[in-house]
Amino acid sequence: MNFNIEQLEEQKIKILLYSNVWMSVSRRKEELKCVINRQFKRYI
1 MNFNIEQLEE QKIKILLYSN VWMSVSRRKE ELKCVINRQF KRYI
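Counting from 1, one number per residue, gives the positions in the sequence shown under UniProt numbering.
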């Protein structure tokens, strides 16, 4: 039983890590998009 609970905890930690990474990546993408749009408008 103990082993199972530890596995679950590990999974939870992994999921949290992945979701954090995903959030930061998508946020960075949004920021990049904004910057690119701004640069683009400057050239037009």
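All C-beta atoms in this analysis are idealised placements derived from N, C-alpha and C, irrespective of residue type, glycine included.
Contacting residues, own chain, Cβ-Cβ under 7 Å from residue i (five flanking each side not counted)
i	result
R27	none
Neighbourhood of residue i by C-beta distance below 6 Å, restricted to the same chain and skipping five residues each side
i	result
F40	none
Cutoff 8 Å; reference residue i; Cβ partners in own chain excluding five residues on either side
i	result
Y43	none
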